[in-house]
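Visitor: In the numbering used here, the protein residues as written are 824 to 941. Below is the structure I would like to discuss, written out as structure tokens.
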Ligand SMILES: C=C(O[C@@H]1C=C(C(=O)O)C=C[C@H]1O)C(=O)O
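As structure tokens, this is what we get:
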């Protein structure tokens, strides 16, 4: 780079970004284990999507975002997208572990509940 860009400063901040990413991945892996436990408790695909719980999760995340200085709209978009991925993950897990076929109703239900990224 040119134009007097502080390359050493950029390298240093990127190192910190990589460290934060490592922590984020660790936390997501911990969430994955819990989401899988929830899936095993639910047992059936028809119980995977829970609109009330999705809303409660979003409300909690908005509160945390305000607390930690993350823009709420940003947090909300990440969580809506994430929730869709977790729902898919649970359905995939059920298929893997029980051979149960998830019916299309689940994903269309999640779309109706506004879980798609907009
Ligand atoms: C993990 C669950 O399953 C789904 C995924 C959720 C999540 O990722 O937070 C929340 C509700 C459900 O739609 C759950 O019911 O708690």
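Idealized CB from N, CA, C, for every residue including glycine.
Please confirm if the segment 855-864 is in contact with the segment 906-918, defined as three or more CB-CB distances below 8 Å between the two stretches.
Guide: These segments touch.
Visitor: Please report the distance separating the alpha-carbon of residue 833 from that of residue 843.
Guide: 15 Å
Visitor: According to the neighbour-count rule (16 or more other Cβ atoms, all chains shown, within 10 Å of its Cβ), is residue 883 buried or exposed?
Guide: Counting the other CB atoms within 10 Å of its CB gives residue 883 a total below 16, which places it among the exposed residues.
Visitor: Consult DSSP for residue 870 and reduce its assignment to one of helix, strand or coil.
Guide: helix
Visitor: Measuring only from the beta carbon, is residue 877 closer than 7 Å to any heavy atom that is part of ligand 1?
Guide: yes
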